[in-house]
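Colleague: Okay, here's the structure, questions in a sec.
There are 2 protein chains.
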Amino acid sequence: MSPAARRTRRLIIEAGIAVLAERTSATLSEIAAAADVSRSTLHRHFADRNDLLAAIDAECRARFKRAEAAARLGEGSALDSLDRLAQEYLGLGLVLGLVFADNAPVDPDSWDDEDGDGGLAVVIEGGQREGDIDPELSTEWVDVTFWTLLFGAWLSLQGGMSRRDVAFQLSRTVRKAFGAA
Amino acid sequence: MSPAARRTRRLIIEAGIAVLAERTSATLSEIAAAADVSRSTLHRHFADRNDLLAAIDAECRARFKRAEAAARLGEGSALDSLDRLAQEYLGLGLVLGLVFADNAPVDPDSWDDEDGDGGLAVVIEGGQREGDIDPELSTEWVDVTFWTLLFGAWLSLQGGMSRRDVAFQLSRTVRKAFGAA
DNA sequence: CTATAATGACACACTAAAGTCCCAAAATGT
DNA sequence: ACATTTTGGGACTTTAGTGTGTCATTATAG
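Right, dumping it as structure tokens:
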């Protein structure tokens, strides 16, 4: 693939993330327009909708993976790890919007291969054994709630709350909700 | 409207809630099928999609209102009120699924008339003045997070967690997350 | 500068879903 | 039991979105 083609491809994926994050039912025309590209060009790079969705899914997966790596889940207490992970994920911005929609184009649950998001479950279980994370809450509950707290943080950002305020309150809420009493 | 017509109407609304809760892009045919009614009949009761959506919105609004009333927001501490409200809302079941979707057919934010959901904000603010609810968390944050915790609880239910476990952990999480340290 | 690649602007065909209409059959309730 | 409603089924039209293809124009990189 030539440099120009790669560039266009990235542009479209980027636009797709931005547009679909707000409305997963957005049309290909809308995405093309957002990318400042004709619909013809979009179709030239992505044969059909699923192609584009798959590419977006892959891109998001890579970003989540990078964020997870940046959170250094091994270091420090489990609660600290959870907090760091939340902050890193929060930094992903728009991408978060794709994870929560009903017919989500991006599904972290489908990334269960080697070490993708399984890291989260491992951290939670470890934290519960160490007495670090509230043992009255099940692993599944903490897992699901972790994501929904992130969802709330993203909604708050969309609603105009400052990133600083969101980051602080997300951190505080994660620690209070999940920390052992 | 005759009794029979009213009955059919309710059936369709009920089916609409059930079907749309799982996929907001479901077709009218699917809804009609779920209601054991022909598409003709559905269209006879609801001229177009928006008509049906409006009726569903109204129905949900009424249910949320009843749930809110059952939670007796005035009584006891703000934290207790929040807890009770969460439990009442959780009891609404399927209806919850309609609130969170990206292109949500039901939008509690649009119900701001006399005393609809404003009750929640009032409780939160009151609780913060009383030192009952964590003063480090803004009203908006608590509001949004309250809903997203509910969303997580609903997801857990969908995922097969028992209602009892969900109710317990939701209560615990609400109290820990929102309670003053 | 120039060959090659990529793009934009069309014009198509195809599909799924929405919405409209009609009429015969079935149910409702009094 | 019978008049009145309501329903089911089918045949339409319309619309929006998708996917395909072509061809002239423009951009790109060597």
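One line per chain: the protein sequences are A and B, in this order.
For what it's worth, this note's numbering labels the leading residue of the first sequence as 10, then goes sequentially.
For what it's worth, this note's numbering labels the leading residue of the second sequence as 10, then goes sequentially.
For every residue, glycine included, the Cβ atom is placed at its ideal position computed from N, Cα and C.
Compare the beta carbon distance of glycine 140 of chain A and leucine 82 of chain A with 9 Å and say whether it is the shorter of the two.
Modeller: Contact flag unset, no.
Colleague: Using CA atoms only, rank isn't needed, just tell me which of A:Asp174, A:Gly161, A:Ala190 and A:Ser90 is closest to valine 131 of chain A.
Modeller: Of the candidates A:Asp174, A:Gly161, A:Ala190 and A:Ser90, the one whose C-alpha sits nearest the C-alpha of valine 131 of chain A is A:Ser90.
Colleague: For alanine 186 of chain B, go through chain A and note every residue whose CB falls closer than 8 Å to its CB, in chain order.
Modeller: Those within 8 Å of alanine 186 of chain B in chain A are Thr182, Lys185 and Ala186.
Colleague: Could you tell me the boundaries of the alpha helix (DSSP H) in which valine 46 of chain B lies?
Modeller: Here valine 46 of chain B belongs to no alpha helix (DSSP H), and DSSP marks it neither H nor E.
Colleague: In whole angstroms, what separates the C-alpha of aspartate 116 of chain A from that of valine 108 of chain A?
Modeller: So the two alpha carbons sit approximately 6 Å from each other.
Colleague: Can you find a C-beta in chain B that's less than 9 Å from the C-beta of leucine 146 of chain A?
Modeller: Yes, contact with chain B.
Colleague: Which residues mark the beginning and the end of the alpha helix (DSSP H) in which arginine 32 of chain A is found?
Modeller: Neither: arginine 32 of chain A is in no alpha helix (DSSP H) and is coded neither H nor E.
Colleague: At a CB-CB cut-off below 9 Å, which residues of chain A make contact with methionine 170 of chain B?
Modeller: The contacting residues are Ser147, Glu149, Trp150 and Val153.
Colleague: What does a CB cutoff of less than 8 Å around serine 86 of chain B pick up in its chain, not counting 5 residues either side in sequence?
Modeller: Same-chain partners within the cutoff: Gly136, Glu139 and Asp141.
Colleague: Given that a residue counts as buried once 16 or more other Cβ atoms are within 10 Å of its Cβ, and exposed if not, what is glutamate 97 of chain A?
Modeller: Buried is the call here.
Colleague: Taking its Cβ as the centre, do 16 or more other Cβ atoms sit within 10 Å of aspartate 118 of chain B, making it buried, or is it exposed?
Modeller: By the neighbour-count rule (16 or more Cβ atoms within 10 Å), aspartate 118 of chain B is not buried but exposed.
Colleague: Measure the Cβ-Cβ separation of alanine 113 of chain B and threonine 154 of chain B and say whether it is below 9 Å.
Modeller: Not in contact: alanine 113 of chain B and threonine 154 of chain B (Cβ atoms no closer than 9 Å).
Colleague: Less than 9 Å between the C-beta atoms of alanine 80 of chain B and leucine 94 of chain B, yes or no?
Modeller: Cβ atoms of alanine 80 of chain B and leucine 94 of chain B: closer than 9 Å.
Colleague: From leucine 29 of chain B to alanine 110 of chain B, what distance separates their C-alpha atoms?
Modeller: Looking at the two C-alpha atoms, the distance is approximately 9 Å.
Colleague: Is the segment 155-166 of chain A close to the segment 157-174 of chain B, with three or more CB pairs under 8 Å?
Modeller: Enough Cβ pairs lie closer than 8 Å, so yes.
Colleague: Can you give me the start and stop residues for the alpha helix (DSSP H) that glycine 161 of chain B sits inside?
Modeller: Its alpha helix (DSSP H) spans residues 148-167.
Colleague: Do you know offhand how far leucine 37 of chain A's Cα is from valine 46 of chain A's?
Modeller: Cα to Cα, leucine 37 of chain A sits roughly 11 Å from valine 46 of chain A.
Colleague: Mind checking whether leucine 20 of chain A and alanine 44 of chain A have CB atoms under 9 Å apart?
Modeller: Yes, Cβ-Cβ distance for leucine 20 of chain A and alanine 44 of chain A is below 9 Å.
Colleague: Can you pull the chain A residues whose beta carbon is under 8 Å from the beta carbon of alanine 110 of chain B, in chain order?
Modeller: Result: Ala110 and Asp111.
Colleague: Of the residues that make up the segment 22-40 of chain B, which ones have a beta carbon closer than 7 Å to any beta carbon in chain A?
Modeller: Those would be Arg32, Thr33 and Ser34, in chain order.
Colleague: Just to check my reading of the structure: isoleucine 22 of chain B and alanine 64 of chain B have Cβ atoms closer than 8 Å, yes? What is that Cβ distance to the nearest angstrom?
Modeller: So it is a contact: roughly 6 Å between Cβ atoms.
Colleague: Are the C-beta atoms of serine 165 of chain A and some chain B residue less than 9 Å apart?
Modeller: Closer than 9 Å: yes.
Colleague: Could you give the first and the last residue of the continuous alpha helix (DSSP H) run that contains valine 108 of chain B?
Modeller: Its alpha helix (DSSP H) spans residues 104-109.
Colleague: Along chain B, in chain order, which residues have C-beta atoms closer than 9 Å to that of glycine 100 of chain A?
Modeller: Those do not exist, as glycine 100 of chain A stays about 18 Å from chain B at its closest Cβ, beyond 9 Å.
Colleague: Mind pulling the chain B residues with CB within less than 7 Å of glycine 161 of chain A?
Modeller: Residues of chain B passing the Cβ test: Val153, Thr154 and Thr157.
Colleague: What span of residues does the alpha helix (DSSP H) with serine 90 of chain B cover, start to end?
Modeller: First-last of the alpha helix (DSSP H) with serine 90 of chain B: 87-99.
Colleague: So, are the CB atoms of valine 183 of chain B and leucine 105 of chain B less than 9 Å apart?
Modeller: No; because the gap between Cβ atoms is not below 9 Å, this pair is not in contact.
Colleague: Do alanine 190 of chain A and glutamate 149 of chain A come within 9 Å of each other at the CB atom, strictly closer than that value?
Modeller: No, these two residues do not count as a Cβ contact at 9 Å.
Colleague: Tell me which residues of the segment 81-98 of chain B have at least one Cβ-Cβ distance to chain A shorter than 8 Å, keeping chain order.
Modeller: Result list empty, no residue passes.
Colleague: Expressed to the nearest angstrom, what Euclidean distance is found between the alpha-carbon atoms of arginine 58 of chain A and glutamine 167 of chain B?
Modeller: Approximately 28 Å between the Cα atoms of the pair.
Colleague: Measure from the C-beta of aspartate 174 of chain B to each C-beta in chain A and report whether the shortest distance is under 9 Å.
Modeller: With 9 Å as the cut-off, aspartate 174 of chain B counts as an interface residue toward chain A.
Colleague: For aspartate 141 of chain A, decide whether its Cβ has a neighbour in chain B, counting only Cβ atoms nearer than 9 Å.
Modeller: Closer than 9 Å: no.
Colleague: According to DSSP, what are the bridge partners of glycine 188 of chain A?
Modeller: Per DSSP, A:Ile142.
Colleague: Does alanine 190 of chain B get closer than 9 Å to chain A when you measure Cβ to Cβ?
Modeller: Interface residue, yes.
Colleague: Keeping to the same chain, check which residues put their C-beta closer than 8 Å to that of leucine 103 of chain B; ignore five residues upstream and five downstream.
Modeller: Result list for leucine 103 of chain B: Ile26, Ala27 and Ala30, in chain order.
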